[in-house]
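Okay, so here's the structure we're looking at.
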């Protein structure tokens, strides 16, 4: 059955390659994606073990980042190598995360040859796969190379269990090659077991995303406030991770709020940065002055578009109130716990299917779900009228996030348990 998957990938790859080479998210790093590395692309191997952590996108790499320190504490002298699928993920790894890691690569295509070349070049002791990054050839190559393979923040949605079962029936079950499956919730762990994972390899450790949520003010906050052109003391509404079809409604709400709070500023962070120009145009068409973060907002616009990667969490700290997008359209929502971890009251719309656990955690504890733009306006107006209420809800949100942290430490401890002598011997 594995041979069937290998043959299928080679048959489909020539058809997919032209698309992958021109797609805005995956058009760079072709040679690395084929398992070839230029001199100097990989760090010189040290005396410690190599831990290869893979996340598909920038957001997945951020979810892996709280494990860096716990892994270094348990595997002294280890090298942390990040891989990603997208260009934005690569930019995140070589920028914001660079000081905490030892190397960055594009993950190889899941081809028999590419994955084996990558494993031969990196020789990892542990391969960590984030979320649902189940790539059969990559996993098999890691096992053949002697690495332990671990899934973190594991998730199997009920809607996809049948598809996974059918696929595994055709190509063989890659879950049987995993040494540990560290799941977010017990119901997801049970789905992993039902798909054929060995019960004693499945553990519920939580979500590492929660570990990076709570953070206090930093010197960089002052700089970001300046480049966003936000007046000191003015109320700020942050609209994070917005999607197409949402900004028009948000701008309408903002215009109504300006009648009573003329100093209110709106920072919009579109989920996809390449939509920044479109969002700016919408704001201008609504009769509002607009600035871009990348340009330093020289206009000191009422609306500022955050058109950079990796600054949203810091921007949340500057906010008075926060709305999280992907929830007024049927996108399934976005991460509402991130602004909660900055001590902010968080508003979000009705479509939160992908973040139901977060809604459960935050409801009544600093999170406010609204049905539509009209209710959003009403709730924002109530909050802006009552700063003490804002502080109270923000404190509740921060306390709630603090109670659900700790997955990164548990994950690192579980990985250490894979080695009988309490340490990974370098190979």
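Residue numbers (UniProt numbering): 1 to 427.
Quick reminder that beta carbons are idealized off the backbone N, C-alpha and C, glycines included.
Practice item. Enumerate in chain order the residues of its own chain whose CB-to-CB distance from residue 301 is below 6 Å, with the five nearest sequence positions on each side excluded. Key: By one-based count along the chain shown, residue 301 stands at place 301. Excluding residues within five positions, the ones whose Cβ falls inside 6 Å are 289, 290, 291.
Review point. Any contact of the stretch 101-111 with the stretch 67-86, i.e. 3+ C-beta pairs under 8 Å?
Key: Taking one beta carbon from each stretch, the stretch 101-111 and the stretch 67-86 have 3 or more pairs nearer than 8 Å; the two touch.
Point to revise | Reduced DSSP category for residue 52 - H, G, I as helix; E, B as strand; rest coil | key: Working through the chain shown from its first residue, we reach residue 52 at position 52. Strand.
Check your understanding: With C-beta atoms as the reference, is residue 238 less than 7 Å away from residue 315?
Key -> In the chain shown, residue 238 corresponds to position 238, counting from 1. In the chain shown, residue 315 corresponds to position 315, counting from 1. Against a cut-off of 7 Å, the Cβ pair of residue 315 and residue 238 comes out as a contact.
**Study point:** Counted within 10 angstroms of its Cβ, other Cβ atoms place residue 421 as buried (16 or more) or exposed
**Key:** The residue given as residue 421 occupies position 421 in the chain shown. Exposed.
Exercise for review: Ignore the nearest five residues each way along the sequence and tell me which others in residue 360's own chain have a CB closer than 8 Å to its CB.
Suggested key: Within the chain shown, the letter at position 360 stands for residue 360. If we look at residue 360 and ignore the five residues flanking it on each side, it has no Cβ neighbours.
Check your understanding: What does a CB cutoff of less than 6 Å around residue 353 pick up in its chain, not counting 5 residues either side in sequence?
Key -> In the chain shown, residue 353 corresponds to position 353, counting from 1. Counting only Cβ-Cβ distances below 6 Å, and skipping sequence neighbours, we find 332.
Review point. Which class does residue 153 belong to by DSSP, given the choice of helix, strand or coil?
Key: To locate residue 153, count along the chain shown from 1; it is residue 153. Residue state, collapsed to three classes: strand.
Review point. Should residue 286 and residue 258 be called a contact, given that it needs their Cβ atoms to be closer than 7 Å?
Key: For the purposes of this step, residue 286 is taken as the residue at position 286 of the chain shown. For the purposes of this step, residue 258 is taken as the residue at position 258 of the chain shown. Taking 7 Å as the cut-off, the Cβ atoms of residue 286 and residue 258 do not count as close.
**Study point:** Sequence-distant residues of the same chain with beta carbon closer than 6 Å to residue 310, five excluded per side
**Key:** Residue 310 sits at position 310 when you count from the first residue of the chain shown. 92, 96, listed in sequence order.
Practice item. Starting from the C-beta of residue 418, find all residues in its chain whose C-beta is less than 6 Å away, skip the five residues before and the five after it, and write them out in chain order. Key: Along the chain shown, one-based indexing puts residue 418 at 418. Closer than 6 Å at the Cβ level, and outside the excluded window around residue 418, lie 148, 179.
**Study point:** Supposed close pair residue 328, residue 246 - CB separation, criterion 8 Å
**Key:** By 1-based counting over the chain shown, the position of residue 328 is 328. By 1-based counting over the chain shown, the position of residue 246 is 246. With a Cβ gap of about 5 Å, residue 328 and residue 246 count as contacting.
Practice item. Would you check if the distance between the CB atom of residue 336 and the CB atom of residue 346 is smaller than 7 Å? Key: Counting from one through the chain shown, the residue named residue 336 turns up at place 336. Counting from one through the chain shown, the residue named residue 346 turns up at place 346. Going by C-beta atoms, residue 336 is nearer than 7 Å to residue 346.
Review point. What number of angstroms, rounded off, separates the C-alpha of residue 231 from the C-alpha of residue 275?
Key: Residue numbering aside, residue 231 sits at position 231 when the chain shown is read from its first letter. Residue numbering aside, residue 275 sits at position 275 when the chain shown is read from its first letter. The straight-line gap from Cα to Cα measures roughly 26 Å.
Review point. Assuming residue 175 and residue 159 make a contact with CB atoms under 8 Å, what is their CB distance in whole Å?
Key: As a working note, residue 175 is residue 175 in the chain shown. As a working note, residue 159 is residue 159 in the chain shown. The pair is not a contact, with the Cβ atoms about 18 Å apart (cut-off 8 Å).
**Study point:** DSSP state of residue 458 mapped onto helix, strand, coil
**Key:** What the structure shows of the chain is the stretch from 1 to 427, and residue 458 is not part of that stretch, so it cannot be assessed.
Check your understanding: For residue 186, which residues of its own chain have a beta-carbon under 6 Å away from its beta-carbon, when the five flanking residues on both sides are left out?
Key -> The residue given as residue 186 occupies position 186 in the chain shown. Cβ within range, chain order: 204.
Review point. Where does residue 52 land, buried or exposed, given buried means 16+ other C-beta within 10 angstroms?
Key: The residue given as residue 52 occupies position 52 in the chain shown. Looking at its Cβ environment, which holds 16 or more other Cβ atoms inside 10 Å, residue 52 is buried.
Check your understanding: Does the stretch 389-396 come close enough to the stretch 118-133 to have 3 or more Cβ pairs within less than 8 Å?
Key -> no
Check your understanding: Which one or two residues does DSSP pair with residue 270 in a beta bridge?
Key -> Counting from one through the chain shown, the residue named residue 270 turns up at place 270. Note: residue 270 sits in a beta bridge opposite 242.
Review point. With 16 as the cutoff for other CB atoms within 10 Å, does residue 189 come out buried or exposed?
Key: Counting from one through the chain shown, the residue named residue 189 turns up at place 189. By the 10 Å Cβ count, residue 189 comes out buried.
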